[in-house]
Amino acid sequence: MIKDVPQAFNNIKATTFSLTSPQFLHNPYPFYDQLRTTNPITRLTLLKYSGWYVTGYDEAVAILKDTRFKSRIPLPERSKKYQDLKKVQNNMLLFKNPPDHMRFRLLVSKGFTPQTVGKYRPYIEETVHELLDAVQKHKKMDVVADFAFPLASLIIAKVLGVPAQDRYQFREWTISLIQTIDITRTRKNLANGNETTVRLLDYFKVLIENRKKHPQDDLISTLIKEEQQGDKLSDDEILSTCILLVIAGHETTVNLISNSMLALLHHPEQLMVLKDNPDYVQTAVEEFLRYESPTQMTARVASEDIEINKTMIKKGEQVYILLGAANRDPNKFTKPNQLNITRNPNPHLAFGYGNHFCLGSALARLEAEIAIRILLQRIPNIELRTSDVQWRKLIGFRSLKELLITFNKK
Ligand code: HEM
């Protein structure tokens, strides 16, 4: 039998919950709990986007592993506007489907083997120490601007092979492009994102040409030379991959590190446990990923009529999977709204699930583990400078505007 969608929820409109209000941005989870309690797959319109919103863990997994639910670019296919942005998105791994997706993913994954990721450990450690050296005497910092952002951008610049001095543009680029894939986006955001894309294309075209002539030990050179059964990435695919990695590999990692620190500061007893037991850092990072998932939402479209948990999703309907909500499903996690840094097992969906499972998960985990371990080792008596933390106006990403802290006071 197909479940009826409760009338009350059928009628939910964005305005009812004011999805961009500070209250919602501060804590979206009660809203997600309410949706899940009514139906873990709920049909509604959030902002302008109508479709099935998925808040249940099992339902999220079922959809993410079912390749009949296709990944699709966030822009309307028919739209003639924002051509550059659209062309780049069309060539991104994230929005490809079988069989092309597997070919593409195999080629890109050569840059993310455990050996490749592991070799960045000394550079990450050295960078974390340098960033902390720079703030230690001030006894205060903005974790986002002074620590997480420079760390994540220096690392992704190193991985890709972007000269370190150019990484300052990353913040502007990622903020602009993240806004184009979030459901809060406006026309202005899209126009701005298209302009950013043109600048990024110009930037990476030059860098790719340079690496063709002078290969180095970096991801761009790997992508250029990588060949699989006579198949290679096209120039457009390499360009889109560079742009995807600047966004995917940067913004989310900044958010993981900043959100982790905020979660610890809001839970002083957990902070003490981690300080006393630095070896818990691995389970702690998994818990931060679950508790305040940097990527909160991903989307699919049904390629045929598909029944999921007795709900019929019709061909062509949009499906929005709220990963942050699935990660707090009480049917999967005991006391899901509690932060427990020793939680194990912790099968969260923060990196997605199935075909599109995050390629950079090992790198993101390594960066976060090193950053949090060294920060807690070196910086005593950390305190929040304000009780009023501000989140950026995004639904699909959990992203702090800033995180001001003081330390060493006693
Ligand atoms: C905390 C940090 C990160 C989070 C939370 C995260 C999250 C995700 C999620 C949820 C997906 C799947 C999206 C979907 O199924 O639609 C994904 C895919 C992807 N991520 Fe990440 N990511 C992070 C860091 C990184 C890093 C550091 C890189 C690379 C340097 C990266 C590269 C990618 C790529 C290339 C894909 C697409 C894979 C595919 O389509 O086959 N991510 N990520």
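Residues in the sequence shown are numbered from 868 upward in steps of one, following my numbering.
Ideal placement from N, C-alpha and C gives every residue a C-beta, glycine not left out.
(Q) In the DSSP output, what is Trp1258 paired with across the bridge? (A) Leu1267
Q) Is it right to say Ser963 is buried, meaning 16 or more other beta carbons lie within 10 angstroms of its own, or is it exposed? A) Residue identity check: residue 963 is Lys in the sequence provided, not Ser. So Lys963 counts as buried.
Q. Does the Cβ-Cβ distance between Asn1213 and Glu1171 come in under 8 Å?
A. no
Q) Going along the chain, which residues of its own chain have a beta-carbon closer than 7 Å to the beta-carbon of Asn957, five neighbours each way excluded? A) Its chain contains Ile940 as the residues whose beta carbon lies nearer than 7 Å to that of Asn957, once the 5 sequence neighbours on both sides are disregarded; these appear in chain order.
Q | C-beta atoms of Asn1222 and Asp925 nearer than 8 Å | A | no
Q | Buried/exposed call for Lys953, threshold 16 Cβ in 10 Å | A | buried
Q. How far does the alpha helix (DSSP H) with Leu886 in it reach, from first residue to last?
A. Taken as a continuous stretch (DSSP letters only), Leu886 belongs to no alpha helix (DSSP H), as it is neither H nor E.
Q.
Within the continuous beta strand (DSSP E) that includes Ser1170, where are the two ends?
A. Note, Ser1170: premise wrong, no beta strand (DSSP E); not H, not E.
(Q) Once DSSP output is grouped into helix, strand and coil, what is the label at Gln1205? (A) In the three-state reduction of the DSSP assignment, Gln1205 falls in the coil class, being assigned neither a helical nor a strand state.
**Q.** Inter-residue Cα distance where the pair is Leu913 and Phe1264
**A.** Near 15 Å, if we compare the C-alpha coordinates of Phe1264 and Leu913.
Q. So what does Arg910 bridge to, in DSSP terms?
A. Trp919
Q. Where does Lys947 fall in DSSP's three states?
A. DSSP, reduced to helix, strand and coil, places Lys947 outside both helices and strands of the structure shown, so it counts as coil.
Q. What residues in its chain sit with their C-beta under 8 Å from that of Val1140, if we drop five residues either side in the sequence?
A. Tyr1147, Ile1208 and Thr1209
(Q) Give me the DSSP bridge partner(s) of Gln1300. (A) The requested residue 1300 does not occur in the structure, where the chain is confined to residues 868 to 1277.
**Q.** Cβ pair Gly918, Arg903 closer than 8 Å
**A.** no
Q) Is Thr934 helix, strand or coil by DSSP? A) For Thr934, the three-state secondary structure derived from DSSP is coil.
Q.
For Lys1260, which residues in the same chain have their Cβ closer than 7 Å to its Cβ, ignoring the five residues on either side in sequence?
A. Thr887, Leu892 and Thr1051
Q. Among Ile1241, Leu1242, Arg1240 and Leu1270, which one has its Cα closest to the Cα of Thr1253?
A. Put simply, of Ile1241, Leu1242, Arg1240 and Leu1270 the residue whose alpha carbon is nearest the alpha carbon of Thr1253 is Leu1270.
Q | Between the CA atoms of Ile1105 and Asn1077 - distance to the nearest angstrom | A | 14 Å
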